[in-house]
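Asks: If you count the sequence shown from 1, you need to add 2 to reach this note's numbering. Got a structure for you, written out below as structure tokens; questions coming shortly.
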Amino acid sequence: MAELSGADVEKRTAAAQAWKALLGWVGFLVGVLIQIVRVSPSWARAISPVGFRHLLTGSSSESEPAFMALPVDAPTDTPPPLSPSAAVPIGKLTVVLDLDETLVCAYETSSLHPLICSQAINSGLKCFEMECVSGEKDVEGKQKVNHVTVFERPGLQEFLQQTSEFADLILFTAGLEGYASPLVDRIDLNNRFTLRLYRPATVSTKYREHVKDLSCLSKDLCRTVLVDNNPFSFLLQPLNGIPCIPFSAGRHDDDEVLQMFTSIIHGIKSHERPSSTSKAAFPPEGCQTFSI
3 MAELSGADVE KRTAAAQAWK ALLGWVGFLV GVLIQIVRVS PSWARAISPV
53 GFRHLLTGSS SESEPAFMAL PVDAPTDTPP PLSPSAAVPI GKLTVVLDLD
103 ETLVCAYETS SLHPLICSQA INSGLKCFEM ECVSGEKDVE GKQKVNHVTV
153 FERPGLQEFL QQTSEFADLI LFTAGLEGYA SPLVDRIDLN NRFTLRLYRP
203 ATVSTKYREH VKDLSCLSKD LCRTVLVDNN PFSFLLQPLN GIPCIPFSAG
253 RHDDDEVLQM FTSIIHGIKS HERPSSTSKA AFPPEGCQTF SI
């Protein structure tokens, strides 16, 4: 009887160990299943009674539609950042032009030698006569009217047309308005000058009178140049000046001057600071070439 009791105890112990091992495996599997459910919530629907029924029948419930969200892909083609020059466009170039001996030359008709006039016309120079109000008065106190013969510099109209396509043109002359205004009306029929400045707009310094101060146009002159035959016009802003060979009716070899200036101005219009470019093109020591 004692032997039977020992065998019975041994069997019960083995059975307990087997159940313990089985429960351990079941606990392990349950733990794995819980981890899967936490990672993928869709498994929770699958193992729920409703989800399990859906898996078996293949049907869907109208009250609980199962939609899967589409993945949102972040754009990979990111445009490169704009460079400073591309983000801020360069402003338009302003070209300030002198009048007498730069664009035209003018003489009192009564004092113009007939030979010079005929030679200039025969060489192809365009000219016209005009009346203008003088700053002087006659003995009766009336304003004098002068008769003037004006010669256009060769290529003037082409120069104004081409330059006005990429720059704002401003006329700045030391001449009086009574003389200069009707003259400009004749050479600028298409109104390509956006502004006209006359002698009252000039300033006087201890070195020279009728100096052209470009600061009256803008505080920032980095995109402004002045074309003038008089070097004293650049006295206050020398880096903005482009010197010009003086034009007269006796110069019959002047065909390339305005074409040259068109090329120069067109070349510097894309520079952010054309004043530095004009300095390189016309260094102070190089002005001697232009009799300055």
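We put the beta carbon where it would ideally sit given N, CA and C, even for glycine.
Alpha carbon to alpha carbon, how far is L171 from G143?
Replies: So the two alpha carbons sit approximately 37 Å from each other.
Asks: C107 bridges to which residues according to DSSP?
Replies: Looking at the DSSP assignment, C107 forms a beta bridge with F153.
Asks: Between which two residues does the alpha helix (DSSP H) harbouring E179 extend?
Replies: Its alpha helix (DSSP H) spans residues 179 to 189.
Asks: Could you pull the start and end residues of the beta strand (DSSP E) that L260 belongs to?
Replies: Note, L260: premise wrong, no beta strand (DSSP E); alpha helix (DSSP H) at 259 to 270.
Asks: With a Cβ-Cβ cutoff of 7 Å, do N242 and L260 count as a contact?
Replies: In this structure, L260 does not lie closer than 7 Å to N242 by Cβ.
Asks: Judging by CA-CA distance, which residue of G126, S217, F234 is the nearest neighbour of L158?
Replies: Cα-wise, what sits closest to L158 is G126.
Asks: Tell me which residue opens and which closes the beta strand (DSSP E) that E131 is part of.
Replies: Taken as a continuous stretch (DSSP letters only), the beta strand (DSSP E) holding E131 covers 129 to 139.
Asks: For I247, does the three-state DSSP call read helix, strand or coil?
Replies: If DSSP states are grouped into helix, strand and coil, I247 belongs with coil.
Asks: Three-state secondary structure (DSSP) at K22?
Replies: In the structure shown, K22 sits in a helix (DSSP, three-state: H, G or I).
Asks: For the candidate residues L173, D187, T151, K94, whose alpha-carbon lies nearest to that of A2?
Replies: The chain is shown from 3 up to 294; residue 2 falls before or after that span and cannot be answered.
Asks: Can you give the Cα-Cα distance for Q19 and I36, rounded to whole angstroms?
Replies: Whole-angstrom Cα-Cα distance: 26 Å.
Asks: Tell me the residue span of the alpha helix (DSSP H) that contains A169.
Replies: Here A169 belongs to no alpha helix (DSSP H); instead the beta strand (DSSP E) covers 169 to 174.
Asks: Roughly how many angstroms separate the alpha carbons of T196 and P184, rounded to a whole number?
Replies: C-alpha separation (whole angstroms): 16 Å.
Asks: Between C129 and F161, how many whole angstroms is the CB-CB distance? I'm expecting something under 8 Å.
Replies: Their Cβ separation, rounded to whole angstroms, is 17 Å, which puts C129 and F161 out of contact at 8 Å.
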